[in-house]
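Read the structure below first, then the notes.
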Ligand SMILES: Cc1cc2nc3c(=O)[nH]c(=O)nc-3n(C[C@H](O)[C@H](O)[C@H](O)COP(=O)(O)OP(=O)(O)OC[C@H]3O[C@@H](n4cnc5c(N)ncnc54)[C@H](O)[C@@H]3O)c2cc1C
């Protein structure tokens, strides 16, 4: 992970005012805030949105300009002249031998507990002794730098390793992300002072302290500006009061990244929870369908004391800056876990599809089932491609926020579709039996659509990141000129309006003229099979044609665009789909396995049809069912060795 900090120009460490206080910053109104105010929103809503936007700007400022959002592949693919294809190609990870050993040992720990039937305790949770055995293997320290006792694992090695772990146990894979990405490890690594790193990282690496991330509150989920948990400095301690909800991996004794308000501003305190509940610290227990193999609870703090020295103080920004940073990594980890979980689904579908006969034939020989297997393979390869691409970008030092959102949304939606449309339908009624992979885990399969940001909300965030620079350059001046001239409903035919807007509109007109004359050439693609090349060309062309449409929507809706959520979501999803096509086709082109390439081709065809509104051709059906047939015959190599679980309600064939 060293490449993610200093050598890429990202400022790695906090500078406080010496005694741990967050420094007061006066903030200029952001683009979103300006647009909302000018668009007639209440001061309160504009201020809250502005706070989120400012947190985003501050994360941005942590990265050197060449790694910021406007320089990222997703942004450049749309707004630059020509798609930066090089930035969409992921390189195979380089995993140092000691890291590989820690990963293999961790897999061995989980496998042996699984075989011994000890992976879950009587409550159905992954028990402490398993977590301790994983600690011995070096699992919890994978993302901690070597100087603090960890392995300094490149993220491009860590992320696909989570896929491997999820094929054995998705909960254990998820816990590595909770601990290393969104929990205390990433915040301390990235924003801690040397003293804080020395104090926390060795025990986070050794597994002596496992961590969680406490952001959500009963009143604050999607709207993080509604946080109410407060910490007030009294002497050398903060006194915390408030309530958290839905916190994964929280049990007494854990070390959590706690997002709270200090002097009305979001902040992150690293909190060592007591070994038992007491009058100052209580856990709220509730029945939760998802994450059933780990603990997810609420926390109530009443006059709970935390050393002032535990406050993380980022160089720029505040607690939301810290939270956003880790969530980025968590989103890629989520996609990686989805790739593993969908492999488990595939492994369970195969023996069943071969066993189950209807009308005298195994369902594996039926087109509908074959198409499901082919589609599932495409979704898996799409996730693998996005994980490899995003993780490589992060290792190179990119912020990767837009790219990680694409991975999160694609991964969670793919897993949801796989569970319901592919796994459940293929297993039929048995899906709902106790002990069935679907019935037992359906909530696990759906929950990723919500946690770490609900998909459609994130999709709007993606759109805002995509249009922000264009908006600031061309539309903010229009809005400001309108406000200055007191014009509420601009009319270009009114000479007074035209005069008031002449400067900004002239500027914008020149941009439109340049766009009209823009020649969209062929992308500079590497050597690749012709089908995959066609997909990459299509996606590049699609992305390059988007500025006109996006800018047109901005022009049409002007300051009301923030309220046109359906349009933002719709455009966002199309851009994301084109990005998935590009990343997947380039990833598949560097694979030697024909099954992976064909699966990628099928996925790209599906996405292209969705973008163009075309109906599937017979040729497509032949291709995807042929792929499914090959998979039913065991051709999807990476699920070799995955245990499928027994067939429920089996029966002997009638002679
Ligand atoms: C299994 C699980 C594990 C979790 N683990 C953690 C954890 O470890 N730490 C943690 O801090 N949190 C955790 N969470 C919380 C999770 O991140 C939140 O549930 C999520 O961010 C959504 O917040 P919410 O549930 O409060 O949704 P709400 O804020 O109530 O929103 C509900 C829905 O309303 C819609 N909506 C909301 N606002 C808008 C808007 N402005 N415009 C349009 N639509 C809108 C969206 O569709 C949204 O999904 C977990 C949740 C689950 C289910």
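Residue numbers (this note's numbering): 288 to 942. Here a beta-carbon is modelled for each residue, glycine too, at the ideal position from N, C-alpha and C.
- As DSSP reads the structure, residue 475 sits in no beta bridge.
- Between residue 599 and residue 546 the beta-carbon gap is near 10 Å, outside 8 Å, which marks them as no contact.
- Proximity to residue 885 across 819, 443, 714 peaks at 819, based on C-alpha coordinates.
- With fewer than three CB-CB distances shorter than 8 Å, the region 617 to 636 does not count as touching the region 480 to 494.
- Here the distance from the Cβ of residue 340 to the nearest heavy atom of ligand 1 is not below 7 Å.
- For residue 659, the enclosing alpha helix (DSSP H) begins and ends at 654 to 683.
- The Cβ-Cβ distance between residue 446 and residue 453 does not fall below 8 Å.
- According to the DSSP assignment, residue 544 belongs to the beta strand (DSSP E) that extends over 542 to 549.
- The alpha-carbon of residue 486 is positioned some 11 Å away from that of residue 557.
- Inclusion of residue 510 in the 7 Å shell around ligand 1 follows from its C-beta lying nearer than that to a non-hydrogen atom of the ligand.
- Distances from the alpha-carbon of residue 532 to those of 587, 379, 708 put 587 closest.
- Remark: the shortest separation between the CB of residue 535 and any heavy atom of ligand 1 falls under 7 Å.
- Between residue 385 and residue 438 a beta carbon distance of about 6 Å is seen, short of the 8 Å cut, so the two are scored as contacting.
- If you check the C-beta of residue 744 against ligand 1, you find a heavy atom less than 7 Å away.
- If you check the CB distance, residue 376 and residue 580 do not come in under 8 Å.
- Taking C-beta separations shorter than 7 Å and ignoring five residues to either side along the sequence, the partners of residue 440 in its chain run 288, 386, 429, 430, following chain order.
- Here residue 507 has 513, 514, 515 as same chain residues with Cβ atoms under 8 Å from its own Cβ, once five neighbours each way along the sequence are excluded.
- In the structure shown, residue 893 adopts helical secondary structure according to DSSP, grouped into three states.
- Residue 908 carries a helical assignment under DSSP once its states are collapsed to helix, strand and coil.
- Taking the Cβ atoms as the reference, residue 360 lies roughly 6 Å from residue 371, within the contact range of under 8 Å.
- Ranked by Cα distance from residue 676, the first of 872, 909, 328 is 872.
- For the pair residue 719 and residue 725, the Cα-to-Cα distance works out to about 7 Å.
- For residue 412, the secondary structure class from DSSP, reduced to helix, strand or coil, is coil.
- By the CB criterion at 8 Å, residue 444 and residue 380 fall inside the cutoff.
- Counting C-beta pairs closer than 8 Å gives three or more between the region 527 to 544 and the region 557 to 573, which meets the contact rule.
- DSSP lists 587 as the beta-bridge partner residues of residue 530.
- By the C-beta density criterion, residue 435 is buried, having at least 16 other C-beta atoms within 10 angstroms.
- The shortest C-alpha to C-alpha distance from residue 633 to any of 650, 331, 941, 919 is the one to 919.
- Boundaries of the alpha helix (DSSP H) around residue 334: 330 to 348.
- Sequence-distant partners of residue 697 (beyond 5 residues in either direction) whose C-beta falls short of 8 Å from its own C-beta, in its chain, are 622, 669, 670, 673, 863, 867.
- Under the 8 Å Cβ criterion, the region 677 to 692 counts as touching the region 609 to 619, having at least three qualifying pairs.
- DSSP places residue 559 inside the beta strand (DSSP E), whose first and last residues are 552 to 559.
- A direct Cα-Cα distance of roughly 31 Å separates residue 521 from residue 344.
- Secondary structure at residue 844: helix, using DSSP grouped into helix, strand and coil.
- In the DSSP assignment, residue 642 falls within the unbroken alpha helix (DSSP H) covering 606 to 642.
- Residue 759 is positioned such that its CB atom lies no closer than 8 Å to that of residue 713.
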